[in-house]
Amino acid sequence: MKIVKIGIALWLFLISFLLKAQQDPAYKYEVLTGHDNDFTIFGTRTDWHYTYGIHLGFNWLPQNSSMLASLFSNKEAFSQNIGLHIQAYTPDYARTYQIVKTRQPYAGWGYVDFANNYGFKKAFLQLKVDLGILGPAVQAGEIQNFIHKNFSRDIFVDQWEEQIPNQFGFNVRANYAQDIFTEKWLNLYSFSRISAGNIFTLFEQGAYFRFGQFNTIGKSVARQQSLLGSGETEFFLEAGFNMNFSAFNATIENANAQGEKVVPRDLVNHSILNGHVGFFFSQKRYTIGLKWNYTEGEIKGNDPHRFAILAGTYKFN
């Protein structure tokens with residue numbers, strides 16, 4: 001009888017342990033790497049507007065509660081992340097101009113961001129701060145020409161000496177996603193983005209569809225938040241569009257090295273239509289996402305721009 005009691009106790013302990021293991025996230029840490037570029041897009045003659053982006057990030061589940069973690073009592077998960085980013089912005093450097101005969105300045109934006117991520121039952125909130133430098137110190141031109149020489153076999157770009165000079169950059173940002181409709185393999189969610197700072201001040205609102213197998217938006221690879229889940233498999237197509245209402249964009253509106261504001265104020269596009277189609281996959285330790293992006297661009301009347309985003313993550317304990 002004693003053996004039976006011990007066996008029952010061990011069985012109950014094992015069941016409770018397994019249930020807890022199923023509830024708890026499988027991994028506590030995650031590394032991210034990503035690259036944005038248009039060299040994989042057919043039909044583009046040169047780079048223009050947003051030329052490329054390089055991203056490295058580290059996400060983690062905090063061990064101890066903090067004031068930031070206690071902000072929302074109804075959240076289901078909380079994580080933090082820090083990232084390092086380099087982004088390059090260039091005019092169309094082809095010999096012929098586009099439709100509008102003006103070109104934006106060259107600009108390199110390098111920054112570190114820190115984010116708090118809150119997962120809710122049917123929503124996701126991210127609060128972010130960017131700190132960085134806009135200017136030659138970022139070495140964006142050198143990186144672009146390295147990519148052209150070794151990967152895309154594009155021309156050497158020698159106008160980077162005219163880029164926007166060095167300045168400190170600071171943005172406060174918030175991203176919010178909300179599930180609207182879910183029916184088996186189909187999901188519709190809204191996404192809002194706001195930024196206030198001396199580099200980007202904007203508001204963006206969009207609607208996105210997911211088709212496939214997916215987590216709730218607060219724990220999905222769609223928002224790079226699979227660490228908040230429990231390693232469930234996701235594979236889905238996503239498509240959507242958004243409107244970007246830009247109040248200020250330093251990469252367009254700041255003066256170049258000669259003190260000249262290249263883009264006339266009346267040609268700055270403050271209402272920009274963007275769209276994307278992408279495929280996402282997540283399973284246990286790994287995630288990967290590939291998106292094709294369309295944007296009207298920052299100068300009124302010019303051709304739209306297309307570029308791809310490729311990103312992946314690896315989780316561990």
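Residues in the sequence shown are numbered consecutively from 1, following the working numbering.
Glycine residues also receive a C-beta, built at the ideal position from the N, C-alpha and C atoms.
Item                                                                                                                                                                                  : Value
Taking DSSP as the reference, what is the three-state secondary structure of D38?                                                                                                     : coil
May I ask which residues mark the beginning and end of the alpha helix (DSSP H) holding F146?                                                                                         : 140-147
To the nearest angstrom, report how far apart F120 and H305 are at their CA atoms.                                                                                                    : 34 Å
Between which two residues does the beta strand (DSSP E) harbouring A311 extend?                                                                                                      : 305-316
Would you decide whether I180 is buried or exposed? Buried here means 16 or more other CB atoms lie within 10 Å of its CB.                                                            : exposed
Which runs of the beta strand (DSSP E) at least 3 residues long sit entirely within the segment 246-295? Give them in chain order.                                                    : 271-283, 286-295
Provide the residue span of the beta strand (DSSP E) that contains L127, from first to last.                                                                                          : 123-134
What do you reckon, are the CB atoms on G206 and F245 nearer than 7 Å?                                                                                                                : no
What first and last residue would you give for the beta strand (DSSP E) that runs through S79?                                                                                        : 77-90
Report the rounded CA-to-CA distance for I199 versus S79, giving the unit in angstroms.                                                                                               : 26 Å
Leaving out the 5 sequence neighbours to the left and right, which residues in its chain are closer than 7 Å to N269 when beta-carbon positions are compared?                         : E296, G297, E298, I299, K300
Could you give the DSSP three-state label for W160: helix, strand or coil?                                                                                                            : helix
Could you give the uninterrupted runs of the beta strand (DSSP E) lying entirely in the segment 183-249, keeping only those of 3 residues or more?                                    : 186-197, 200-213, 234-249
Would DSSP call A174 helix, strand or coil?                                                                                                                                           : strand
Going by DSSP, what residues sit across from L114 in a beta bridge?                                                                                                                   : Reading the sequence as shown, one finds Phe at residue 114 and not Leu. Paired residue(s): I82, V129.
Is it the case that the Cβ atoms of N166 and G135 are separated by a distance below 7 Å?                                                                                              : yes
Do E183 and R193 count as a contact pair if the criterion is CB distance below 7 Å?                                                                                                   : no
On the three-pair Cβ rule with 8 Å, is the segment 150-164 touching the segment 250-267?                                                                                              : yes
Which residues in the same chain as G34 place their Cβ atom closer than 6 Å to its Cβ, once the five residues preceding and following it in sequence are excluded?                    : H55, A311
Rank S73, G231, W185 by C-alpha distance to the C-alpha of G212 and give the top, closest one.                                                                                        : W185
Can you tell me whether F151 is helix, strand or coil according to DSSP?                                                                                                              : helix
In angstroms with no decimal places, state the Cα-to-Cα distance between L19 and F72.                                                                                                 : Because the pLDDT at L19 is just 43, under 50, the model does not fix this residue reliably, and the point stays unresolved.
For A107, name the three-state secondary structure that DSSP assigns.                                                                                                                 : strand
Given a cut-off of 7 Å on the beta-carbon distance, is the pair S220 and T287 in contact?                                                                                             : no
State buried or exposed for I252, treating a residue as buried only when at least 16 other CB atoms are found within 10 Å of its CB.                                                  : buried
Residue range of the beta strand (DSSP E) that Y50 falls in?                                                                                                                          : 49-60
Whose C-beta lies closer than 6 Å to the C-beta of G108 among residues of the same chain, with five residues either side of it excluded?                                              : A88, V138, A140
At a cut-off of 6 Å, would you count I54 as near the ligand SAH, judging by its Cβ distance to the nearest heavy atom?                                                                : Ligands displayed in this structure: none; no statement on the ligand SAH is therefore possible.
By how many angstroms is the C-alpha of S271 removed from the C-alpha of F248?                                                                                                        : 11 Å
Restricting to Cα atoms, I'd like to know which of I133, P62, N215 is closest to A115.                                                                                                : P62
Please work out which residues of its chain come closer than 7 Å, Cβ to Cβ, to H103, disregarding the five sequence neighbours upstream and downstream, and give them in chain order. : Looking at the sequence provided, one finds Arg at residue 103 rather than His. Answer for R103: P91, D92, V262, listed in chain order.
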